[in-house]
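What follows is a set of notes on a single structure, which appears directly below.
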Amino acid sequence: MSYETDDEKVEAIKTWWKQNGLSILAGALVGLGGIWGWRLWLNYQDSTAMHASTVFEQLMLDAGDHKTDAVTQQAATLHDDFAATPYAALGALVAAKALHEAGQHDAALTALQQAIDTAPDPAIAHVAALRLARLQLAAQQLDAAAKTLAQYDVSPAFAAEFAAVRGDLATVRGDLDAARAAYQRAIELGSSLSSLIRLKLDNLPAAG
Amino acid sequence: MLQTIRERAQGWIAWAIVILISIPFALWGIQSYLGVGGEPIAATVNGVELPERELDRRVQEARLDLRERLGADYDPATVDDQQLRAEVLDTLIQETVLLEAVKRLGLRVSDQEVQLQILSDPSFVKDGRFDKETYERLLRFQGLTPALYEAQLRQKLSATQLVRALASSELATRTERDAYKRLMGQRREISYLRLPLAAHRTEEPLDEARITAYYDSNRARFQTPEQVKLDYLVLDSEQLAAKIEVSEDELRQLYASDQARFVQPERRAVRHLLLKVEDGADAAAAQAVLEQIQAIRARIQAGESFEELAKTLSQDPGSAAQGGSLGIIESGIMVPAFDQAAFALAVGAVSEPVRTNFGYHLIEVTQIQPATTQPFAAVRESLHDQLTKQRAESLFYDLAERLATITYESPESLEPAAQELGLTIQHSDWVSREHSEPSVLAHPKVMAAAFHEEVLVNGRNSDLLEPERDRLQAVVLRVVAHRDVSVKALADVREEISAAIRDEQARVAAKAAAEALAEKLRDGSDWSAAGADLTPELPGLVDRQSTAVPAGVLDAAFKLAVPTEGGVSIGTAILDDGDAVVVRVTKVEDGQIDAETADAGFSAEAFIITQMLGRQAYLNALADMQSRAKIERKVTATAEAMP
Chain G
1 MSYETDDEKV EAIKTWWKQN GLSILAGALV GLGGIWGWRL WLNYQDSTAM
51 HASTVFEQLM LDAGDHKTDA VTQQAATLHD DFAATPYAAL GALVAAKALH
101 EAGQHDAALT ALQQAIDTAP DPAIAHVAAL RLARLQLAAQ QLDAAAKTLA
151 QYDVSPAFAA EFAAVRGDLA TVRGDLDAAR AAYQRAIELG SSLSSLIRLK
201 LDNLPAAG
Chain P
1 MLQTIRERAQ GWIAWAIVIL ISIPFALWGI QSYLGVGGEP IAATVNGVEL
51 PERELDRRVQ EARLDLRERL GADYDPATVD DQQLRAEVLD TLIQETVLLE
101 AVKRLGLRVS DQEVQLQILS DPSFVKDGRF DKETYERLLR FQGLTPALYE
151 AQLRQKLSAT QLVRALASSE LATRTERDAY KRLMGQRREI SYLRLPLAAH
201 RTEEPLDEAR ITAYYDSNRA RFQTPEQVKL DYLVLDSEQL AAKIEVSEDE
251 LRQLYASDQA RFVQPERRAV RHLLLKVEDG ADAAAAQAVL EQIQAIRARI
301 QAGESFEELA KTLSQDPGSA AQGGSLGIIE SGIMVPAFDQ AAFALAVGAV
351 SEPVRTNFGY HLIEVTQIQP ATTQPFAAVR ESLHDQLTKQ RAESLFYDLA
401 ERLATITYES PESLEPAAQE LGLTIQHSDW VSREHSEPSV LAHPKVMAAA
451 FHEEVLVNGR NSDLLEPERD RLQAVVLRVV AHRDVSVKAL ADVREEISAA
501 IRDEQARVAA KAAAEALAEK LRDGSDWSAA GADLTPELPG LVDRQSTAVP
551 AGVLDAAFKL AVPTEGGVSI GTAILDDGDA VVVRVTKVED GQIDAETADA
601 GFSAEAFIIT QMLGRQAYLN ALADMQSRAK IERKVTATAE AMP
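The following block contains the structure:
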């Protein structure tokens, strides 16, 4: 392309703009709008998370003061209004402890199940499942406890603590060989309660 | 010619050139966005890069920390750099896994929480309250902007939220608490019989071949380590200080020249009453506040108590409750307008309204502590110490430098340095790397120098050594005698070996006797099977903490299987002093579950269980996340090049 004069050039640019100007403007607008919308979305997410975080902190405080009703209420708020945030599961986890300590054992089981279902990361589900199995065991729901163990004892990181619960379950069921094996495994894998588990192991009646 | 250029410049060649030139401009600096050829990376965690620089910094911190903790025992030579580096990298990766998880999960503490944390951080506090300038200065120092620092802080706080949620929600079930209590409080009815080691010791002569075999297989035990005898010079600033004399005139002069240090400026006890003027307030609003405060001033002058009015009316939340009291202040602490007014007032007078950026203040001075100067006699001692120390220090550095030079220039002897600097050459006895007296030699740095090739083999003076940086002590040493690792001759250790062998024999015999007796008891015999001269101990019921029986017996007793009803459980053990024991358990009583405490969830047992499991829950969760994270460790050359 070569132009004879400057006027011709200006003319050419003008024609080009007439043909394409609208679509360029529209493109720029859509692009900017997209960026703006995205930022708005991020902001919304941030503020939701912060809001949930504040509720959660209050829940932790109330749990420390043994205000079970307040804890239950905040956990419900987190579960209903902030299900998309990780605080729903964490709130359920803390609520479970409060309910358990207040003697509301069934509600505690439900809260832990809720924590498992809403857990934003498998690690949190595993923590909740381990506690669920222990509470089920304490409530004499042996089959349910066995099922929980079978379903969630999948990560090597939690294997030691799960083995300890297996040992307790086997002891209750009177399967002493299985209990011995499970306790030994828990100790080998380095359970945090190894010294207590060692006592349990030593206390089992002699191998028949 | 120009015409030609102009014509050509319109054609496609020109365009091609322009495009070619513009490429480098367009792409300039792009590598910093793409991370190509950027700074070296130590590892990546789920795509988050951990720069080598950060790792270096943390390793440095870990080393300082180690030095702090070990104090004089710290020896750079014993710290395995590779290992330390690997450990620090592991920690760093773990932290990153946590922080990355926090981000991925969307944990986010509120702005207030972040703000609160910053406001309460003692490192940002100046004169008792948060100081924005200090805050910004400290951040700049670390190369951070407030926004960046706040983002980092938020991430850390959010991480503690996860940690707290996992750990503090740990629980202990009733069954678990009871089981713990039963086991810990368990008591066992035991009896035991001791089979003394001495009774199984024989005096018959030992086989020569056995002694030789023992000697051969335990050579390391009979070794004397490599040793040296040292000559050394010590330069010590404390000793130098003892010889330094400071004249009275010099002290007077120092006192006179440093007068400001001994003056305690005037201080005043001040109370104030503040009425705020909002930041954006216009002149009319400010005027209204001024009128209000003038009315209050009038009330005070009419006889009402400043203190009472400040309590009820002052809008300074920090001081109102104390009747407006700000305590005792020096000039220069408060904002200038306030300062000027407060230091111009007489005691008991009330100031005119003073305008500051907070609003309008009324100020009252309740007490004036005039400026005082400490007299020469009171500070003479500390001036003397200061001057002596300064001189000793500069003398030390001067002498240390000369010592280093002389011992370096005549490396074959310490004599010239000793003569020129008036030091005495000291002589050590045989010392090894691990064992050296006197203490100045015991420092690992000094011993490392003594066994350095230049010094040990080539017989040169060591470098100038400063065992502890802050003690201003310097040592130069040379080796005058050296002996290698040696093994003591068999004849010298014969007695030691026979004793060891006899001990071992007796131990085996006692253990065998115990096993035999245990077998008999299991078959139904009673303790008389042990023979007439051995009688059992019958302590009865003991708990786990009992001190009535030897620890070895207790341990064995509580490890034995629980006996069946009416039956017994029997085992053996070797005690610390070598005696063998047979232990018999006849009854097991579980710890009592107190009906009252059983229902309350907050027992000591519950506490221990929740503490241990709670901590573990968090660690396990982190390990679990880490096992699923994509982690790449880069092995780089710099790892070896670290000093």
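Taken in order, these protein sequences are the chains called G and P.
The first sequence runs 1 to 208 under UniProt numbering.
The second sequence runs 1 to 643 under UniProt numbering.
Think of the CB as a built atom: it goes at the ideal place given N, C-alpha and C, for glycine as much as any other residue.
- Message: Helix, strand or coil for G:F56? Go by DSSP, reduced to three states.
- Response: As a position in the first sequence, residue 56 of chain G is number 56, starting the count at 1. Here G:F56 sits in helix by DSSP.
- With a cut-off of 8 Å on the beta carbons, I'd call P:A165 and G:V94 a contact; round off their distance for me. One-based indexing of the second sequence puts residue 165 of chain P at position 165. One-based indexing of the first sequence puts residue 94 of chain G at position 94. With 8 Å as the limit, P:A165 and G:V94 qualify as a contact, their Cβ atoms being about 6 Å apart.
- Sorted by chain position, which residues of the same chain lie with C-beta nearer than 6 Å to P:D80's C-beta, five sequence neighbours on each side aside? In the second sequence, counting from the first residue as 1, residue 80 of chain P sits at position 80. Within the same chain, no residue comes within 6 Å of P:D80 by CB-CB distance, once the 5 residues on both sides are set aside.
- Identify each residue in the region 22-48 of chain G for which the Cβ-Cβ distance to at least one residue of chain P is less than 8 Å, and report them in chain order. Result list: Q45, D46.
- Query: Using a Cβ-Cβ cut-off of 6 Å (strictly less than) and excluding sequence neighbours within five positions of P:G571, which residues of its own chain qualify?
  - Reply: The sequence position of residue 571 of chain P within the second sequence is 571, counting from 1. Excluding positions up to five away in sequence, the list reads A556, L560, V583.
- Using a beta-carbon distance below 7 Å, is G:L90 in contact with chain P? Taking the first sequence and counting its residues from 1, one reaches residue 90 of chain G at position 90. Closer than 7 Å: yes.
- Message: Between P:V562 and chain G, is the shortest Cβ-Cβ distance under 7 Å, so that the two count as touching?
- Response: Here residue 562 of chain P refers to the residue found at position 562 of the second sequence. Yes, because at least one Cβ of chain G sits closer than 7 Å to the Cβ of P:V562.
- Message: Counting only Cβ pairs nearer than 9 Å, list the residues of chain P close to G:E161.
- Response: Position 161 of the first sequence, counting from 1, holds the residue named residue 161 of chain G. For G:E161, the C-beta contacts it makes with chain P under 9 Å involve L613, Q616, A617, N620, in order along the chain.
- Query: Can you name, in chain order, every residue of its own chain whose Cβ lies under 7 Å from the Cβ of P:V109, other than the five neighbours on each side?
  - Reply: Reading the second sequence from its first residue, position 109 is the one you call residue 109 of chain P. So the qualifying residues of the chain are R154, L157, S158, Q161.
- Closest Cα partner of G:E188 within the set G:A123, G:P205, G:R180, G:A160: Here residue 188 of chain G corresponds to residue number 188 of the first sequence, with the count starting at 1. The alpha carbon of G:E188 has as its nearest neighbour, out of G:A123, G:P205, G:R180, G:A160, the alpha carbon of G:A160.
- Message: Against chain P, with Cβ distances strictly below 7 Å, would G:T5 count as a contact?
- Response: What you label residue 5 of chain G is simply residue 5 of the first sequence in a count that begins at 1. At a cut-off of 7 Å between beta-carbon atoms, G:T5 makes no contact with chain P.
- Task: Tell me whether G:W41 is buried or exposed, calling it buried when 16 or more other Cβ atoms sit within 10 Å of its Cβ.
- Result: Walking along the first sequence from the start, residue 41 of chain G turns up at place 41. With fewer than 16 Cβ atoms within 10 Å of its Cβ, G:W41 is classed as exposed.
- Message: Can you find the residues in the same chain that come closer than 7 Å, C-beta to C-beta, to G:H100, ignoring five residues on each side of it along the sequence?
- Response: Here the question's residue 100 of chain G lines up with position 100 in the first sequence. The beta carbon of G:H100 sits closer than 7 Å to those of A108, L135, all from its chain and outside the five residues before and after it, given in chain order.
- Within-7 Å CB hit, P:P643 to chain G: The sequence position of residue 643 of chain P within the second sequence is 643, counting from 1. Low confidence applies to P:P643: its pLDDT is 37, below 50, so where it sits in the model is not reliable, and the reading given next is rough at best. False, the Cβ-Cβ gap to chain G never drops below 7 Å.
- Message: Given 6 Å as the limit, tell me if P:Q301 has its C-beta closer than that to any heavy atom belonging to the ligand HEM.
- Response: The ligand content of the structure shown is nil, which means the ligand HEM is not present either.
- Message: Quick check: the Cα distance between P:A14 and G:A26, rounded to an integer number of angstroms?
- Response: Here residue 14 of chain P refers to the residue found at position 14 when the second sequence is read from its first residue. Here residue 26 of chain G refers to the residue found at position 26 when the first sequence is read from its first residue. Annotation: P:A14 to G:A26 spans about 33 Å, alpha carbon to alpha carbon.
- Message: Taking the straight line between their C-alpha atoms, what separation do you get for P:P122 and P:L383?
- Response: Counting from 1 along the second sequence, the entry for residue 122 of chain P is found at position 122. Counting from 1 along the second sequence, the entry for residue 383 of chain P is found at position 383. C-alpha of P:P122 to C-alpha of P:L383: approximately 33 Å in a straight line.
- Message: I'd like the ranges of any alpha helix (DSSP H) spanning at least 4 consecutive residues and lying wholly in the UniProt domain "PpiC" (265-367) of chain P.
- Response: Within the UniProt domain "PpiC" (265-367) of chain P, the complete alpha helix (DSSP H) segments of 4 residues or longer fall at 283-301, 306-313, 317-320, 336-342, listed in chain order.
- Message: Using only CA atoms, which one of P:E95, P:R57, P:G185 lies nearest to P:V542?
- Response: Translated into positions along the second sequence, residue 542 of chain P becomes position 542. Of the listed residues, the one whose Cα sits closest to P:V542 is P:G185.
- Task: Measure the alpha-carbon distance for P:N46 versus P:D316 and round it to whole angstroms.
- Result: For this step, residue 46 of chain P is matched to residue 46 along the second sequence. For this step, residue 316 of chain P is matched to residue 316 along the second sequence. Spanning the alpha carbons of P:N46 and P:D316 requires a straight line of approximately 50 Å.
- By DSSP, does P:Q545 sit in helix, in strand, or in coil? The count along the second sequence starts at 1 and reaches residue 545 of chain P at position 545. Here P:Q545 sits in coil by DSSP.
- Any beta-carbon of chain G closer than 7 Å to the one on P:S603? As a position in the second sequence, residue 603 of chain P is number 603, starting the count at 1. Residue contact with chain G for P:S603: absent (no Cβ-Cβ distance below 7 Å to any residue of chain G).
- P:G303 versus P:A281 - alpha carbon distance: The residue given as residue 303 of chain P occupies position 303 in the second sequence. The residue given as residue 281 of chain P occupies position 281 in the second sequence. Taking the straight line joining both Cα atoms gives about 32 Å.
- So, is P:F396 buried or exposed, given that buried needs 16 or more other C-beta atoms within 10 angstroms? Walking along the second sequence from the start, residue 396 of chain P turns up at place 396. Result: buried.
- Inter-residue CB distance, residue 210 of chain G and G:L149 (contact presumed, cutoff 8 Å): With chain G covering only 1 through 208, there is no way to say anything about residue 210 of chain G.
- Item | Cβ separation of G:T118 and G:A89, assumed to be a contact under 8 Å, to the nearest whole Å | Stepping through the first sequence from its first residue, residue 118 of chain G is reached at position 118. Stepping through the first sequence from its first residue, residue 89 of chain G is reached at position 89. For a cut-off of 8 Å, the C-beta gap from G:T118 to G:A89 is around 4 Å, short enough to register as a contact.
- Determine the burial state of P:P563: buried for a count of at least 16 other Cβ atoms within 10 Å of its Cβ, exposed for fewer. Mapped onto the second sequence, residue 563 of chain P falls at position 563. Under this definition P:P563 is a buried residue.
- Item | Contact list for G:H69 against chain P, beta-carbon separation under 7 Å | Numbered from 1 along the first sequence, position 69 holds the residue referred to as residue 69 of chain G. Correcting the residue type first, residue 69 of chain G is Asp in the shown sequence and not His. Residues of chain P passing the Cβ test: none, with the nearest at roughly 17 Å.
- Within-7 Å CB hit, G:D80 to chain P: As a position in the first sequence, residue 80 of chain G is number 80, starting the count at 1. Not closer than 7 Å to any Cβ of chain P, the Cβ of G:D80 fails to qualify, so no.
- Query: Start and end of the alpha helix (DSSP H) containing P:D216?
  - Reply: As a working mapping, residue 216 of chain P is identified with position 216 in the second sequence. For P:D216, the uninterrupted alpha helix (DSSP H) run begins and ends at 208-217, by DSSP.
- Entirely enclosed beta strand (DSSP E) segments - the region 77-151 of chain G, minimum 3 residues: For the region 77-151 of chain G, there is no continuous beta strand (DSSP E) assignment of 3+ residues that stays within its boundaries.
- Query: Is G:N43 buried or exposed, if buried means 16 or more other CB atoms sit within 10 Å of its CB?
  - Reply: In the first sequence, the residue the question calls residue 43 of chain G occupies position 43. With fewer than 16 other Cβ atoms within 10 Å, it is exposed.
- Closer than 7 Å at the beta carbon, the chain P residues around G:I124: Within the first sequence, numbered from 1, the residue matching residue 124 of chain G stands at position 124. What G:I124 touches in chain P: A621.
- Query: Leaving out the 5 sequence neighbours to the left and right, which residues in its chain are closer than 7 Å to P:L622 when beta-carbon positions are compared?
  - Reply: For the purposes of this step, residue 622 of chain P is identified with residue 622 of the second sequence, where counting begins at 1. Taking C-beta separations shorter than 7 Å and ignoring five residues to either side along the sequence, the partners of P:L622 in its chain run Q94, V97, L98, following chain order.
- Message: Per DSSP, what are the beta-bridge partners of P:H435 in this structure?
- Response: What you label residue 435 of chain P is simply residue 435 of the second sequence in a count that begins at 1. Bridge partners of P:H435: none, in fact.
- What does DSSP give as the partner residues of residue 648 of chain P in its beta bridges? Residue coverage of chain P in this structure runs from 1 to 643, which leaves residue 648 of chain P outside it and unanswerable.
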